[in-house]
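What follows is a set of notes on a single structure, which appears directly below.
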Amino acid sequence: MEMVPPLTTQKRIEETVKGILREADMDLMTEFKLRISASSILGFDLSGANHKKLIRDVLEAFLLSNPPDEDTIAPVDPNPPPTATASAGSGEDERFICKLSEKRNATVQKYRGQPFLSIGESSKEDGKPFRGVHLSANQWSVIKKNFSAIEEAIKQSESKLKSESKQNGDTSNTSFSFSIIETSRFDGRSYLRWASQMELFLKQLNLSYVLSNHCPVVTNTSQPDSAGKNWLKDDYLCYTHLLNSLSDHLHRQYSKRFKHAKELWEELKWVYQCEESNSKRSQVRKYIEFQMVEERPVLDQVQDFNKIADSIVSAGMFLDETFHVSTIISKFPPSWRGFSTRLMEEEFLPVWMLMERVKAEEEEVLRNGPQRLTYRPATRSCQMERMPPSIGRGWKRKEPERDGRVSIVCDNCGRRGHLAKNCWGKTLEERASGKPNRVSFSSTSPVGSETQATTKNDSRTIS
Numbered sequence: 001m002e003m004v005p006p007l008t009t010q011k012r013i014e015e016t017v018k019g020i021l022r023e024a025d026m027d028l029m030t031e032f033k034l035r036i037s038a039s040s041i042l043g044f045d046l047s048g049a050n051h052k053k054l055i056r057d058v059l060e061a062f063l064l065s066n067p068p069d070e071d072t073i074a075p076v077d078p079n080p081p082p083t084a085t086a087s088a089g090s091g092e093d094e095r096f097i098c099k100l101s102e103k104r105n106a107t108v109q110k111y112r113g114q115p116f117l118s119i120g121e122s123s124k125e126d127g128k129p130f131r132g133v134h135l136s137a138n139q140w141s142v143i144k145k146n147f148s149a150i151e152e153a154i155k156q157s158e159s160k161l162k163s164e165s166k167q168n169g170d171t172s173n174t175s176f177s178f179s180i181i182e183t184s185r186f187d188g189r190s191y192l193r194w195a196s197q198m199e200l201f202l203k204q205l206n207l208s209y210v211l212s213n214h215c216p217v218v219t220n221t222s223q224p225d226s227a228g229k230n231w232l233k234d235d236y237l238c239y240t241h242l243l244n245s246l247s248d249h250l251h252r253q254y255s256k257r258f259k260h261a262k263e264l265w266e267e268l269k270w271v272y273q274c275e276e277s278n279s280k281r282s283q284v285r286k287y288i289e290f291q292m293v294e295e296r297p298v299l300d301q302v303q304d305f306n307k308i309a310d311s312i313v314s315a316g317m318f319l320d321e322t323f324h325v326s327t328i329i330s331k332f333p334p335s336w337r338g339f340s341t342r343l344m345e346e347e348f349l350p351v352w353m354l355m356e357r358v359k360a361e362e363e364e365v366l367r368n369g370p371q372r373l374t375y376r377p378a379t380r381s382c383q384m385e386r387m388p389p390s391i392g393r394g395w396k397r398k399e400p401e402r403d404g405r406v407s408i409v410c411d412n413c414g415r416r417g418h419l420a421k422n423c424w425g426k427t428l429e430e431r432a433s434g435k436p437n438r439v440s441f442s443s444t445s446p447v448g449s450e451t452q453a454t455t456k457n458d459s460r461t462i463s
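Residue numbers for the sequence shown follow the UniProt record's numbering, beginning at 1 and rising by one.
In structure tokens:
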């Protein structure tokens, strides 16, 4: 603990400091320079805490010497005397103490025969001097006695401001620069990476709360629902950001089904987060919901669908080949409807053959362009065929070519290719009777000779 200087030493220090202040230029004099000068004159060190306090008290008493009898506040004179500013550089009527900021200084000035501590700007604004705050000697002594209370109030105010900024999520005082998180468009893959990016992005915009909170309910009808309006506004912005971050296909799929951000977010999480777990149910769901589109090549989409089927089989589930082929045909885009109907009529169609047929059909479409489809009436046969655009409208029967193989002829309508019980021209009672069908052998002979052969066959059966 540092010892207090004795009275004789204290008086010597006071007299030395006062002598230095009387002869020094107060515009350039500082407390540090004053302490160094006094230390060199007295011959001992004055850097101790007690010595510093003593020199500071002597300096303040010297600056505030000759105090007034009563507290007075210097009035703001619109026409100040010229000596207050013109002779400021001489150090007689105005003495510089310290620089508080870039434009604000603390000085001691004489005004109407009394010293005042002035805190204000030294430069002029709009042609008029800015005088700032002026304190008399008594006022300054009162402030000096309450320095500890002032410091405590400043600390409490700073702590309160910090707590409020933390509660409001205020990041304006942070040292790092604010930058928007870049998000990528979600196409159904890497959901967890996309979801983490969107959460950070929405938190920066203060919109993430609508994904977990519902719209607030108004309890007092007399007050306007400002909270509800703000929630709806933020919900619309969040919903728009989510839709804009989806691919074109997913945007069309979900924009018509959901109208709020929370519903859309939970649906995407339920669908795609489960898929990334690579479970059996998620693969089956992808298999069922897969749908081909017109914009992409059909062969590429069939290959993607086969990959989903391979993942189901590799998961340990059985998948029948006929069922898989029929599912592929049912998922063709609408422009391939005629081709799908022709494939459905074939009895033997493995996956490899289907791939070849799809490849050939796609090459033909690319070469000749899409062809118009013509359908038979519903009361006749379900067969259909592609006709070039040059041929006029109307139904044209397409005869199958089977070169020597047995062909079944319907006894109801006389056409080949289906049983009598499945004929569309019969009623339900006639189908249930199970009338036998005629059998004919196809050849290169015209249709009339085949009809005669079937008639003779019928006469033998009747006899």
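Glycine is no exception: its CB is placed at the ideal position from the N, C-alpha and C atoms.
Residue i - DSSP class collapsed to helix/strand/coil
{"i": "residue 226", "result": "helix"}
{"i": "residue 37", "result": "helix"}
{"i": "residue 273", "result": "helix"}
{"i": "residue 285", "result": "helix"}
{"i": "residue 246", "result": "strand"}
{"i": "residue 337", "result": "helix"}
{"i": "residue 353", "result": "helix"}
{"i": "residue 324", "result": "helix"}
{"i": "residue 291", "result": "coil"}
{"i": "residue 150", "result": "helix"}
{"i": "residue 260", "result": "coil"}
{"i": "residue 24", "result": "coil"}
{"i": "residue 30", "result": "coil"}
{"i": "residue 12", "result": "helix"}
{"i": "residue 195", "result": "helix"}
{"i": "residue 58", "result": "helix"}
{"i": "residue 344", "result": "helix"}
{"i": "residue 318", "result": "coil"}
{"i": "residue 389", "result": "With a pLDDT of 46 at residue 389, under the threshold of 50, the modelled position of this residue cannot be trusted; read the value that follows with caution. Residue 389 falls in the coil class under three-state DSSP."}
{"i": "residue 217", "result": "coil"}
{"i": "residue 19", "result": "helix"}
{"i": "residue 206", "result": "coil"}
Whole-angstrom distance between residue j and residue i, CA atom to CA atom
{"i": "residue 133", "j": "residue 57", "result": "22 Å"}
{"i": "residue 160", "j": "residue 154", "result": "10 Å"}
{"i": "residue 13", "j": "residue 33", "result": "15 Å"}
{"i": "residue 137", "j": "residue 110", "result": "11 Å"}
{"i": "residue 260", "j": "residue 181", "result": "23 Å"}
{"i": "residue 423", "j": "residue 414", "result": "10 Å"}
{"i": "residue 54", "j": "residue 10", "result": "8 Å"}
{"i": "residue 365", "j": "residue 323", "result": "26 Å"}
{"i": "residue 296", "j": "residue 231", "result": "40 Å"}
{"i": "residue 258", "j": "residue 293", "result": "22 Å"}
{"i": "residue 145", "j": "residue 41", "result": "31 Å"}
{"i": "residue 435", "j": "residue 341", "result": "Since pLDDT at residue 435 reaches only 49, below the 50 mark, its modelled position is unreliable, and the value read off the structure follows with that caveat. Spanning the two alpha carbons is a distance of roughly 27 Å."}
{"i": "residue 362", "j": "residue 310", "result": "24 Å"}
{"i": "residue 262", "j": "residue 212", "result": "7 Å"}
Cβ-based burial, residue i [other Cβ within 10 Å; buried from 16]
{"i": "residue 481", "result": "As shown, the chain starts at 1 and ends at 463. That puts residue 481 outside it, with no answer to give."}
{"i": "residue 98", "result": "exposed"}
{"i": "residue 207", "result": "buried"}
{"i": "residue 248", "result": "exposed"}
{"i": "residue 265", "result": "buried"}
{"i": "residue 273", "result": "exposed"}
{"i": "residue 194", "result": "buried"}
{"i": "residue 235", "result": "buried"}
{"i": "residue 200", "result": "exposed"}
{"i": "residue 352", "result": "exposed"}
{"i": "residue 17", "result": "buried"}
{"i": "residue 96", "result": "buried"}
{"i": "residue 301", "result": "buried"}
{"i": "residue 35", "result": "buried"}
{"i": "residue 142", "result": "exposed"}
{"i": "residue 336", "result": "buried"}
{"i": "residue 107", "result": "buried"}
{"i": "residue 539", "result": "Any answer about residue 539 is impossible in this case: the structure gives the chain only from 1 up to 463."}
{"i": "residue 305", "result": "buried"}
{"i": "residue 409", "result": "buried"}
Residue i - partner residues in DSSP beta bridges
{"i": "residue 109", "result": "94 and 116"}
{"i": "residue 99", "result": "105"}
{"i": "residue 134", "result": "118"}
{"i": "residue 186", "result": "246"}
Min CB distance residue i to chain B below 8 Å
{"i": "residue 96", "result": "The chain labelled as chain B is not found in the depicted structure, where only one protein chain is given."}
Check: residue i C-beta below 7 Å from any heavy atom of the ligand ZN
{"i": "residue 262", "result": "The ligand ZN is not part of the structure shown, which contains no ligands of any sort."}
| message | Count Cβ pairs between the segment 177-197 and the segment 246-262 that sit closer than 8 Å; are there 3 or more? | response | Touching, yes.
| query | Do the segment 282-289 and the segment 197-217 touch if we need at least three Cβ pairs shorter than 8 Å? | reply | Too few Cβ pairs lie closer than 8 Å, so no.
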